[in-house]
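J.: Got a structure here, written out as structure tokens. Questions coming.
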Amino acid sequence: MKTAITEMFGIRHPIIQGGMHYVGLAELATAVSNAGGLGIITGLTQKTPELLAKEIARCRAMTDQPFGVNLTFLPTLSSPPYPEYIAAIIEGGVRIVETAGRSPEQYMPALKAAGIKVIHKCTSVRHSLKAERIGCDAVSVDGFECGGHPGEDDVPNMILLPRAADELKIPFVASGGMADARSLVASLAMGAAGMNMGTRFIATKEAPVHENVKQAIVAATELDTRLVMRPLRNTERVLKNTSVDRLLGIEREKGASLQFSDIHDQVAGVYPRIMIDGDMNAGAWSCGMVVGLIHDIPTVKELIDRIMAEAERLIRDRLLDLLGQDQMRGSKAA
Ligand SMILES: Cc1cc2nc3c(=O)[nH]c(=O)nc-3n(C[C@H](O)[C@H](O)[C@H](O)COP(=O)(O)O)c2cc1C
Numbered sequence: 001m002k003t004a005i006t007e008m009f010g011i012r013h014p015i016i017q018g019g020m021h022y023v024g025l026a027e028l029a030t031a032v033s034n035a036g037g038l039g040i041i042t043g044l045t046q047k048t049p050e051l052l053a054k055e056i057a058r059c060r061a062m063t064d065q066p067f068g069v070n071l072t073f074l075p076t077l078s079s080p081p082y083p084e085y086i087a088a089i090i091e092g093g094v095r096i097v098e099t100a101g102r103s104p105e106q107y108m109p110a111l112k113a114a115g116i117k118v119i120h121k122c123t124s125v126r127h128s129l130k131a132e133r134i135g136c137d138a139v140s141v142d143g144f145e146c147g148g149h150p151g152e153d154d155v156p157n158m159i160l161l162p163r164a165a166d167e168l169k170i171p172f173v174a175s176g177g178m179a180d181a182r183s184l185v186a187s188l189a190m191g192a193a194g195m196n197m198g199t200r201f202i203a204t205k206e207a208p209v210h211e212n213v214k215q216a217i218v219a220a221t222e223l224d225t226r227l228v229m230r231p232l233r234n235t236e237r238v239l240k241n242t243s244v245d246r247l248l249g250i251e252r253e254k255g256a257s258l259q260f261s262d263i264h265d266q267v268a269g270v271y272p273r274i275m276i277d278g279d280m281n282a283g284a285w286s287c288g289m290v291v292g293l294i295h296d297i298p299t300v301k302e303l304i305d306r307i308m309a310e311a312e313r314l315i316r317d318r319l320l321d322l323l324g325q326d327q328m329r330g331s332k333a334a
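Position one of the sequence shown corresponds to residue 1 (our numbering), numbered consecutively onward.
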């Protein structure tokens, strides 16, 4: 399947694995890239630019296919040394960067001068248009369903994707709620040039996380995610657990006076305890509503091959068939 995204990134299938804190390590990213998608390592999971350089080198040893690095611009006062992370990306010869969080505008000249393709993750049409204006090559449009930070507009992909298609000139991928061939074909129908998956890729054999995380995803339903940090305008969709219940209780109690420090214990530094130790109640961790569609733990290659084979069947057998029957009815009526 050829789309503007497969052409732009030099990949075989229009499937991207979005950056994920403590999940997007070399093992997962290279499994995705070797299976024909675009794997992405998560820049800030590496505590220093030097460690990111090492992770990039690890990827190089595990794949000869294109892969990317996610750079998340956090709403924190003490900002990580982004220029040094970007230098590590450029020196590592990485040609694709997924940016997220705040606008990447101030870093665009450096990224573009190095010939890097930038795909910016956006949760609204207005942010997507801004990304297009500042020179991003593509956008990843994240609907309200998505795991992680869905923004504050609450527009689901059934509306957001066609709206993006109506407004954007640069290609975009559909992100949030994507799990299978139905997601891909529907995204293409709504104008996307591919899809980005987060949560689905965690429940794969190669995802370098504790088995408890994968089992929690398989066991959960579409009713099991919650939105936290809404009062701080830093909304995050997470999987419900006892820590999230406590966090939501604090939010209710504090109301408009809620400060980040009130919920610090439930959200700060919890990823290693969840992803590495498998302590599933250690804190709030990002997870999409798409858990309701995830029932197995395949290899990344099995997952991607299955999606592409079923997408072809969906298009050929179901969609063309529908059209064929309509045409037959039309011709009989005539
Ligand atoms: C556990 C987890 C961690 C994530 N961490 C990041 C991150 O550090 N930076 C980022 O830009 N997006 C992050 N995301 C968002 C994903 O890249 C992707 O946009 C999102 O998962 C898509 O929605 P889905 O989970 O429904 O597929 C994370 C998502 C999950 C599930």
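C-beta: ideal position from N, C-alpha, C; glycine also.
Counting pairs of Cβ atoms below 8 Å between the segment 183–198 and the segment 251–258, do you hit three or more?
T.: no
J.: To the nearest whole angstrom, what separates the beta carbons of residue 140 and residue 183, a pair I think is in contact under 8 Å?
T.: No, residue 140 and residue 183 are not in contact; Cβ-Cβ is about 14 Å, not under 8 Å.
J.: At a cut-off of 7 Å, is residue 200 close to ligand 1 when judged by its beta-carbon and the heavy atoms of the ligand?
T.: yes
J.: Taking residue 21 as the reference, which of 324, 245, 260 and 201 has the closest Cα?
T.: 201
J.: Counting beta carbon pairs with one atom in the segment 229–244 and one in the segment 134–151, are three or more of them shorter than 8 Å?
T.: yes
J.: Ordered along the chain, which non-local residues of its own chain (more than five positions away) have a Cβ less than 7 Å from that of residue 297?
T.: 203, 204, 205, 214 and 218
J.: Compute the Euclidean distance between the alpha carbons of residue 28 and residue 222, then round it to the nearest angstrom.
T.: 24 Å
J.: What does a CB cutoff of less than 6 Å around residue 102 pick up in its chain, not counting 5 residues either side in sequence?
T.: 73
J.: Could you check whether residue 31 and residue 270 sit closer than 8 Å to each other, using their CB atoms as the reference points?
T.: no
J.: Less than 7 Å separating the Cβ of residue 23 from some heavy atom of ligand 1?
T.: yes
J.: Near residue 211, what residues of its chain come up, given a Cβ to Cβ distance below 7 Å and the 5 sequence neighbours on each side ignored?
T.: 278
J.: With DSSP collapsed to three states, give me the class of residue 122.
T.: strand
J.: Taking only the alpha-carbon atoms, compute the straight-line gap between residue 178 and residue 314 and give it to the nearest angstrom.
T.: 16 Å
J.: How should residue 289 be labelled, buried or exposed, when 16 other C-beta atoms within 10 angstroms of its C-beta is the threshold for buried?
T.: buried
J.: Between which residues of its own chain and residue 152 is the CB-CB distance below 7 Å, once the five residues before and five after are set aside?
T.: 233 and 235
J.: Could you pull out every unbroken beta strand (DSSP E) segment of at least 3 residues lying fully inside the segment 211–273, listed in chain order?
T.: Correct list: 225–228 and 236–239.
J.: Select from 248, 224 and 38 the residue whose C-alpha is nearest the C-alpha of residue 198.
T.: 38
J.: Can you grab the Cα-Cα spacing for the pair residue 317 / residue 107, in whole Å?
T.: 46 Å
J.: How about residue 93: is its Cβ closer than 7 Å to a heavy atom in ligand 1?
T.: no
J.: DSSP puts residue 100 in a beta bridge; with which residues?
T.: 72
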